[in-house]
Every structure is written in structure tokens, then in C-alpha cells.
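*Asks:*
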Amino acid sequence: MNYIQCEFRTAYWMGMVMNSTMDDDVALDLVALGRALWRAKFRIAILVIGAAVLTFAGLQFVSPKYKGEAKLLIESRHSLYPGAERAVESERALLDQEGVASQVQLLRSYDLGRRVAVKLKLAERKEFNSAAGGGSLLSRVPVMLGFASDPSRASVEEKVLDTYFKRLKVYQVEKTRVITVEFSSVDRELAALAANTVVEEYLEQQASAKRDVTADAADQLEPEIARVRADVEAAERKVEEYRGGADLLLGANNVTLVQQQLVELNTQLAVARAARSEIQAKATLLRKLLDSGGSLESVSDVLNSPLIQRLRESQVALQARIAELSTSLLPNHPQFRALRRQLANLDSQIRGEAGKILSGMESDARISQARVESLLASLNELKAAVTQSNEKRIALRDLERDSKIKTAQLESLLTRYRDQGVRGSAGNLPDARVISRASMPLDPYTPRSWRSRSSWPSSPSSCRWASCCCARSSPGMPCRGPRA
């Protein structure tokens, strides 16, 4: 069946060759073509069988290779710690085309390959180290022909890594952030294990790099924090020294003593003025009543006097006695007139006592006035002192502002330092995750199966070669090369 297929393919491709090489006025003679093929049937059969035998013999020197495949997804991953938000520009740089391509180069890096080789002990495998088990005859052919360097002259690490990178294939899946890691080996277990190990070491390398960055950031922050803390202490000390020298010491509620005294004097002055006004009003009212002979019962200070209260009691009792006698005695009766004189004497005593109270009120009013004047003078002095201290307060505010700026800077550095500590203790997630681990392959990917190997002699190129050779043996069948 293969022979018949080859005959038809030879006829087809020979016709194609003839049509492409002959002039337009030359027609294809199918009968002559068939006769030529029949005459060359033994030659064609020998060619096909020989090619198959050579192919089979050559493939015996080629070890089957298996391929393990793992896939990574590049994405931004965050740890749950305060202040761990990544900037938008940083995420964009990680996830763009160049960022993913950079991760591909990291997967192909020399350091990562060396770590994988050490972890898998590739130097102990003859596949990677010819000194461990000798290289194949087929691999020695390019060296003997001078097309490749002699691997025996290289170090073990160089030979292992050279073979490692030949077996490793890393590429980005088109229009995605997925990276495929392929590793081929004659050992099917090693093919899958190596692909997974490359991915694991890459993720560990990323996490380690983040830990190193975190540790470096913390180490760099420590001397900066010490320097800023010293600046803060110096600034605060300078503020306190200036405040004490400028008499701007703070009292209650963060108010300077001068301002606090000013407030207290204002309060005392208001109280003194109110007391002076009250005393002056009472004294004025009492004087008017005394001058006009009016009733003194409207003045509370007069009524509250114990002596006046006793005189008023005697006055009331005497008035009651006079009223009682007025029913039986005439107004000119001696007893009646004596009672009237006693009553007038009591009224005179009451008014005399009220005059004394008025004198006391006027004296208190003068004292209140003097107190008001004294407080007012002290207040004016404090106002002058406050006015003079304004320039000092301005300078003090400048010092306080500088101290607050340094304190805020220190707080920011301490916050960053604490965040770095939390980040280091919480762990660092790599910006990638495995979406497909490599499994052990069942079939080799090269060389192909025998069915695919045996079919290559009947390929169009080989059949075309056979048809041309056969055509040359027939005088009626021209075989021309392609036109220039």
C-alpha cells in the first residue's frame, strides 16, 4: 500500500515539477509518465526501503525525550499588613508586556539555573554531565567534525548548565500574562520534576528578593530614625529654652503665664467694677432717703443692722403704747407727750445709725474705686508686656513649627519602620502563582512514533527526488530544475 501511495505521489509531484519547469507550450504526457514510473519501479522501491532502513538505524542512536510543562500567572499579590498597598505605577510596570518579558528572563537566569541544578543534582546525571556516564556517539559527531567545542574541556558546572539551558524553554503565552516553562529530558520523572522545580525556585527567589528588600529598607531606616530623633530632641530643647528665656512659660490649657494673668486680671477688674457700682448705688439711695426724711425700710443694709432692728422693735412697741393710750388720754397729757418724745428719740437714733451705715458704704465705695484703679493699672502693664512679647512669640512659633515638622518626619519614619517589621513577619508573597503544575509525561515528544518515522520516505520531497531520478533514465521524460 505504501508503494502505491508513493507511486501516485511521485506522479503528482513529477507533474508539478514538469509544469513549473517546462515551457508553456509543452504538454504533460500522462501515459509516458506512467510508463517511466513502471520501468523505474525497482529503483524507487530500493530508494524507499533504503531511506527507511537508514532512518530506523539513525533513530536507534537517539534517546527518546520527554517534556514537562508548568504554567505561571503573573499577577499582583498583596500581604495583609498596614501600608502594604502597591502604587498603581508599580502594578502597571509589573503587568505590562515588558514586565512579563522581564519575568521570562528571570526564569532563564543563570543564578536560578544553578540553584535548580544543585537541588536536582544534575551533575550526577550522565545526561547533563558527560563525565558522569560518557556522552553518546551521535553527540560526539559535531565535535569530531569541528562544528562544536569539546565539552570535556569545560568545567562540570558549565557543562551541566549548558545542557540545562538547552533543555529549558520559557515563553509567554501570546496576549496573556501566563508564562509556560518547559523542560525536556530522557527521564520522564526528571522532565516534570525539573519544570516544577524551576517554578518553585523562581517563586522562592521572588519571595527572598522581597524579604531582602524589606530587610534593607529597615536597615536603611534605622540610622535615619536615629538622626531625625536627635534633631527632634534638639528642636524641642531649643523651644523650651527660648520659652523660658523669653518669659513665655505655659500655664494651664497651654496658655502662657502672661496671657493667663491677663485673663485673671480682666476677671478681677470686672468683679471689682460691679462691686463698686453696687456700693455706690446703695450709698446714693441711702443718702437721698436721709436727706429727704423718707422711710429707710427700702434699704436692705439698714434693715439688716442688728442695732437698727432693736431700735425698730422698741419703736414699734412704743407706737403700740401710744395708740393704746390715745383712746383714754388727751394729746396734751404729760404721759402721752413723754411717749411722743421717746418715739422721736428712737427715730433719731435709727437715722443716726443709718448715717453710720452710709459712711461705711461710702468708705467701701472709695475702696472699690481704688481697687478698680489698681487692677486697671496692672492690666495696662500686662497689656504692655503682652505687646512686647509678641515678637518673641512669633520667633517661638517658628521654633515650634520646626519642631513639629521634625516630629512629623520622625513619626512617618517610625510608621514606615513598623510597617517593614510587620511586612517581614507576615511574609512576602511573590507576584506570580502556579496555575498548572507539570505532570509526568507518558509518551516522548521526540523522536516520533514509528508510524510517523516510516512515512517520511514517501514525503513529497523524497518522491520528487525519486521521480526525477527515474525520469532521467527515460529518454522521453525531461527533468529540469526550477527556472531562475
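Quick note on numbering: this note's numbering labels position 125 of the sequence shown as 125, and the sequence is numbered without any gaps.
Glycine included, C-beta positions come from ideal geometry on N, C-alpha and C.
In this text the structure is predicted, and so the values were computed from the model without any measurement.
#1: Whose C-alpha, out of L106, G99, S378, Q315, is nearest the C-alpha of I350?
#2: Starting from the C-beta of E224, find all residues in its chain whose C-beta is less than 8 Å away, skip the five residues before and the five after it, and write them out in chain order.
#3: Can you find the residues in the same chain that come closer than 8 Å, C-beta to C-beta, to N332, ignoring five residues on each side of it along the sequence?
#4: Cutting at 8 Å between CB atoms, please list the residues of its own chain near A272, excluding the five before and the five after it.
#5: Could you round the C-beta distance between M361 and A274 to whole angstroms and report it? I think they count as a contact, below 8 Å.
#6: Three or more C-beta pairs closer than 8 Å, one from the segment 232 to 245 and one from the segment 392 to 410: is that the case here?
#7: Cα-Cα, which of I394, A51, L30 is closest to R508?
#8: Going straight from the alpha carbon of A338 to that of A317, what length do you get?
#9: Measuring straight from C-alpha to C-alpha, what distance separates L379 and L248?
#10: Using a Cβ-Cβ cut-off of 6 Å (strictly less than) and excluding sequence neighbours within five positions of F128, which residues of its own chain qualify?
#11: With a threshold of 16 other CB atoms inside 10 Å of the CB of K406, please say whether the residue is buried or exposed.
#12: Distance check for R115 and V488, CA to CA, integer angstroms please.
#13: How far does the alpha helix (DSSP H) with A117 in it reach, from first residue to last?
#14: Between which two residues does the alpha helix (DSSP H) containing T446 stretch?
#15: What does the Cβ neighbour count give for Q103, buried or exposed, with the cut at 16 atoms within 10 Å?
#16: Quick check: the segment 196 to 203 against the segment 165 to 184, are at least 3 beta-carbon pairs closer than 8 Å?
#17: Confirm, please, whether the CB-CB distance from P64 to P430 is below 9 Å.
#18: In three-state terms, what does DSSP make of S359?
#19: Just the Cα atoms here: how many angstroms apart are E222 and A215?
#20: Can you give me the Cβ contacts of V386 inside the same chain, cut-off strictly under 8 Å, excluding the 5 residues immediately before and after it?
#21: Tell me the start and end of each unbroken alpha helix (DSSP H) in the segment 144 to 222 that is at least 4 residues and wholly inside, in chain order.
#22: Grab me the residues of L382's own chain with a C-beta within less than 7 Å of its C-beta, minus the 5 sequence neighbours each way, in chain order.
#23: What span of residues does the beta strand (DSSP E) with E124 cover, start to end?
#24: Where do the N-terminal and C-terminal ends of the alpha helix (DSSP H) with E69 fall, by residue?
#25: Checking the sheet assignment: what are the DSSP bridge partners for S439?
#26: Using the Cα positions of L311 and P334, report the straight-line distance between them to the nearest angstrom.
#27: Could you say which of R341, I357, A384 lies nearest to Q280 if we only look at CA atoms?
#28: For the alpha helix (DSSP H) holding L33, just list the boundary residues, first then last.
#29: If you compare alpha carbons, which of L285, Q409, E391 is closest to S359?
#30: By Cβ distance, which residues of its chain are closer than 6 Å to L346, with the 5 residues on each side in sequence left out?
#31: So, for R321: in the same chain, excluding its five sequence neighbours on each side, which residues have a beta-carbon less than 8 Å away from its beta-carbon?
#32: Buried or exposed: V88, going by 16 or more other Cβ atoms within 10 Å of its Cβ?
#33: Whole angstroms is fine: what's the gap from K67's alpha carbon to D212's?
#34: Only counting the same chain, and skipping five residues up and downstream in sequence, which positions put a Cβ closer than 6 Å to that of I513?
#35: For a quick check, are the C-beta atoms of E69 and A432 less than 9 Å apart?
*Replies:* By the coordinates alone:
#1: Q315
#2: So the qualifying residues of the chain are L413.
#3: none
#4: The residues are S368, R371, V372, L375.
#5: That pair is no contact at about 15 Å.
#6: yes
#7: The displayed coordinates of the chain run from 1 to 484. Any statement about residue 508 would go beyond what the structure contains.
#8: Distance from the CA of A338 to the CA of A317, rounded to the nearest whole angstrom, comes to 14 Å.
#9: 18 Å
#10: These residues qualify, in order along the chain: L122, V160, T163.
#11: buried
#12: What the structure shows of the chain is the stretch from 1 to 484, and residue 488 is not part of that stretch, so it cannot be assessed.
#13: 110 to 120
#14: Looking at the DSSP string, T446 is not in any alpha helix (DSSP H), and its letter there is neither H nor E.
#15: Label assigned to Q103: buried.
#16: yes
#17: no
#18: helix
#19: 11 Å
#20: V258, Q259, L262
#21: 156 to 167
#22: V258, Q261, L262, L265
#23: Counting along the chain, E124 falls outside any beta strand (DSSP E), and DSSP gives it neither H nor E.
#24: Element bounds for E69: not the alpha helix (DSSP H) but the beta strand (DSSP E), 66 to 74.
#25: Bridge partners of S439 according to DSSP: none are assigned.
#26: 23 Å
#27: I357
#28: 30 to 39
#29: L285
#30: Excluding sequence positions up to five before and after L346, its CB lies within less than 6 Å of the CB of L311, S314, Q315, all in the same chain and listed in chain order.
#31: L339
#32: Note that V88 scores a pLDDT of 44, beneath 50, so its modelled location is shaky; the value from the coordinates is reported in the next line. That one is exposed.
#33: 34 Å
#34: Since the first residue of the chain shown is 1 and the last is 484, residue 513 is not available in this structure.
#35: no
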